[in-house]
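All remarks here apply to the structure that follows.
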Amino acid sequence: QVQLVESGGGLVQAGGSLRLSCAASGRTWNIYEMGWFRQAPGKEREFIASITWLRRTTNLAESVKGRFTISRDNAQNTGFLQMNRLNPEDTAVYYCASKFFGRPYEFWGQGTQVTVSL
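Position one of the sequence shown corresponds to residue 127 (our numbering), numbered consecutively onward.
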């Protein structure tokens, strides 16, 4: 099992930035990949970004490319999502998730609210 705790959400004005963190504990040595997802009210959860834990291979959704950056600190077992040039359409609950090799995302954090105002 892996436990994930997100932090860093909040209220920000359009054009501003936030940095989300996802602290992992438990079987962290087995983490293959960490991902970030978001869910806005009335919408389905959507993929935002992912990073492989060892090679740091990243993948970003088209909607956030050029604005968001994903990274991780293995020593602290923590992943990060740097979000720049935020706009109201980025308002959502953001979740981090992790998976083992060959498995789907099985471990999820509790989510952190990001609200972008005009």
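Every residue, glycine too, gets a C-beta built ideally from N, C-alpha and C. Nothing here was measured: the structure is a model prediction, and the numbers come from that model.
Which of helix, strand or coil DSSP assigns to residue i
i	result
N200	helix
E215	helix
Closest by C-alpha distance to residue i, when choosing among the options
i	options	result
F227	Y220, G134, T154, C148	T154
T238	Q127, V128, G136	G136
L146	Q165, Q208, Q129	Q208
A166	Y220, Y231, S197	Y220
G161	G235, V240, G142, T241	G235
S143	S151, G134, Q129, F233	G134
E172	F163, D199, R229	F163
Identity of the residues DSSP links to residue i by a beta bridge
i	result
N185	S176
W162	A175, C222
S147	S133, F206
Q139	S243
V190	For V190, which the question treats as bridged, DSSP gives no partner whatsoever.
Range of the contiguous beta strand (DSSP E) that encloses residue i
i	result
Q239	238–243
Residue burial classification, residue i (beta-carbon count within 10 angstroms, cutoff 16)
i	result
A175	buried
R181	exposed
A218	buried
T184	exposed
A223	buried
K225	buried
G192	exposed
R211	exposed
L244	exposed
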